[in-house]
Amino acid sequence: MTQTPSYISGWDIGGAHIKVARCDQNGNLHDVIQVACPLWQGIL
112 MTQTPSYISG WDIGGAHIKV ARCDQNGNLH DVIQVACPLW QGIL
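Residues in the sequence shown are numbered from 112 upward in steps of one, following the working numbering.
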């Protein structure tokens, strides 16, 4: 039987952007995403 890899996601919600990072059980970073919040676009 093969083992399915486990991932941990960390979220930063607040301010002008939403950010998430995903790493494996050993702490190796796999993905980082940053999305601008539409509420803050065009205000400044």
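Glycine included, every Cβ here is placed at the ideal spot set by N, Cα and C.
Item: Return the Cβ separation of S135 and H141 in integer angstroms, given the expectation that the two are a contact with Cβ distance under 8 Å.; Value: Here the sequence assigns Asp to residue 135, which means Ser is not the residue at that position. Contact flag correct, Cβ pair sits at about 6 Å.
Item: With which residues is L140 paired in a DSSP beta bridge?; Value: C134
Item: Check the C-beta distance from V146 over to A132 and give it rounded, since I have them as a contact under 8 Å.; Value: At roughly 13 Å, the Cβ-Cβ gap does not stay under 8 Å, so V146 and A132 are not in contact.
Item: Quick check on the DSSP output: the beta strand (DSSP E) that includes G126 runs from which residue to which?; Value: Element bounds for G126: n/a, residue is neither H nor E.
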